[in-house]
Amino acid sequence: MTPDDPMLTDIWLRRELLASGENEKTLRRALQAGLYRRPRTGAYVDGAVWDAASAEARYAIKVRAAYRQAKTEVVISHASALLFNEAPSWGVDLSEVHLTRLDGKTGRREAGIRQHCGRLADGDVRDVHGLQVIAPLRNCLEVSTAASVEVALVVVNHFLHRGDFTLEELRERYANRMDRWPHSLTTDLVLRLANPLVESVGESRTSYFFWKQRLPTPVPQYEVYDGSVLVARLDFAIPELGVWFEFDGRIKYQGEVDPSDVVFREKRREDLVRELTGWRCFRITWKDLADPRALAERIRAFIARVLASA
Numbered sequence: 020m021t022p023d024d025p026m027l028t029d030i031w032l033r034r035e036l037l038a039s040g041e042n043e044k045t046l047r048r049a050l051q052a053g054l055y056r057r058p059r060t061g062a063y064v065d066g067a068v069w070d071a072a073s074a075e076a077r078y079a080i081k082v083r084a085a086y087r088q089a090k091t092e093v094v095i096s097h098a099s100a101l102l103f104n105e106a107p108s109w110g111v112d113l114s115e116v117h118l119t120r121l122d123g124k125t126g127r128r129e130a131g132i133r134q135h136c137g138r139l140a141d142g143d144v145r146d147v148h149g150l151q152v153i154a155p156l157r158n159c160l161e162v163s164t165a166a167s168v169e170v171a172l173v174v175v176n177h178f179l180h181r182g183d184f185t186l187e188e189l190r191e192r193y194a195n196r197m198d199r200w201p202h203s204l205t206t207d208l209v210l211r212l213a214n215p216l217v218e219s220v221g222e223s224r225t226s227y228f229f230w231k232q233r234l235p236t237p238v239p240q241y242e243v244y245d246g247s248v249l250v251a252r253l254d255f256a257i258p259e260l261g262v263w264f265e266f267d268g269r270i271k272y273q274g275e276v277d278p279s280d281v282v283f284r285e286k287r288r289e290d291l292v293r294e295l296t297g298w299r300c301f302r303i304t305w306k307d308l309a310d311p312r313a314l315a316e317r318i319r320a321f322i323a324r325v326l327a328s329a
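If you want the working numbering, it's the 1-based position in the sequence shown plus 19.
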């Protein structure tokens with residue numbers, strides 16, 4: 020996140036604008052003209068920046084506005100910390116701002132803000148462009164208590180693959196400090212499914228899909244060699260069944276000068292893997308994951324055909 024990121028755009032509180040010479044009339048006119056936008060009552064941002072911002076960036080601006088307006092010392096936490104920790108927010112409920120109070124008082128909910136009360140340990144908070152934000156290790160544990168297993172797994176695998184901490188460190192923190200937190204039973208399952216080799220949102224969802232649908236457990240990032248030369252790294256493979264799976268999210272084609280070149284290279288890669296291993300490939304898309312039962316039936320039929328032809 021760079022300083023010019025829309026999520027970090029300037030926020031002016033109403034009292035600051037009034038002190039700088041604005042008045043109720045000029046503020047009202049500026050809002051009507053689109054010069055200002057108001058992400059929260061009493062907080063203003065540049066209208067052009069707000070209008071061009073993505074939904075995630077707008078949420079981050081709302082979080083920062085609530086952070087600035089807090090009447091006690093707080094830390095940006097739970098789902099609200101994900102964007103500032105540069106983590107995916109797929110499936111995460113971004114309808115509320117989450118802040119953790121540092122004054123020890125009971126948390127509460129009001130005006131689109133959920134305040135939490137929690138005891139913080141050393142290393143739980145980091146500075147992000149002047150904001151006090153829950154650090155990644157605690158952040159993913161917090162999310163696991165409030166989100167589904169699939170959503171939490173996406174977050175945990177992201178941080179693990181990025182190298183923010185190890186799975187052992189995560190498990191130790193859970194066992195020593197938070198296994199008695201409310202709603203933490205989900206966390207135990209997430210930690211058993213987590214794998215630092217899983218690289219993306221789509222791959223994490225695919226990994227969860229295999230577990231949820233009681234399919235054979237695939238090996239992530241399976242390496243294929245031609246002699247001593249690594250020629251391919253497969254998203255998922257089940258060597259004993261002679262099949263492998265690729266998550267095809269199309270994102271990897273974006274930014275290419277000619278996407279057809281990418282498709283051609285993928286085809287050559289797939290042909291080479293098949294030639295070296297004799298295995299068959301099954302591609303999974305976002306649309307497939309939206310109907311997991313139908314996808315599971317197709318995969319079971321695919322595996323059955325492969326075994327029958329062996």
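Even glycine gets a Cβ: it sits at the ideal position worked out from N, Cα and C.
Local Cβ density within 10 Å of residue i, reported as buried at 16 or more and exposed below that
i           : result
residue 135 : buried
residue 204 : exposed
residue 148 : exposed
residue 137 : buried
residue 328 : exposed
residue 191 : exposed
residue 104 : buried
residue 258 : exposed
residue 133 : buried
residue 195 : exposed
Opening and closing residue of the beta strand (DSSP E) in which residue i lies
i           : result
residue 228 : Element bounds for residue 228: not the beta strand (DSSP E) but the alpha helix (DSSP H), 220-231.
residue 93  : 93-95
residue 244 : 238-245
CB of residue i within 7 Å of CB of residue j, strictly
i           : j           : result
residue 288 : residue 256 : no
residue 68  : residue 22  : no
residue 152 : residue 95  : yes
residue 62  : residue 55  : no
residue 163 : residue 209 : yes
residue 156 : residue 215 : no
residue 113 : residue 86  : no
residue 102 : residue 75  : yes
residue 58  : residue 98  : no
residue 295 : residue 245 : yes
Cβ neighbours of residue i in the same chain (closer than 7 Å, five flanking residues each side left out)
i          : result
residue 28 : 64, 65, 68 and 80
residue 89 : 118
Own chain residues within Cβ distance below 6 Å of residue i, not counting five before or after
i           : result
residue 266 : 221, 222, 225, 254 and 303
residue 177 : 106 and 107
residue 320 : none
Segment limits, alpha helix (DSSP H) that includes residue i
i           : result
residue 111 : No alpha helix (DSSP H) holds residue 111; DSSP gives it neither H nor E.
residue 127 : Note, residue 127: premise wrong, no alpha helix (DSSP H); not H, not E.
Cut-off 8 Å between Cβ atoms - residues of its own chain near residue i, not counting five sequence neighbours on either side
i           : result
residue 308 : 221, 224, 225, 228 and 314
Within the segment 28-65, note down every full alpha helix (DSSP H) run reaching 4 residues or more, in order along the chain.
Along the length of the segment 28-65, whole alpha helix (DSSP H) runs at least 4 residues long occupy 33-38 and 43-52, reported in chain order.
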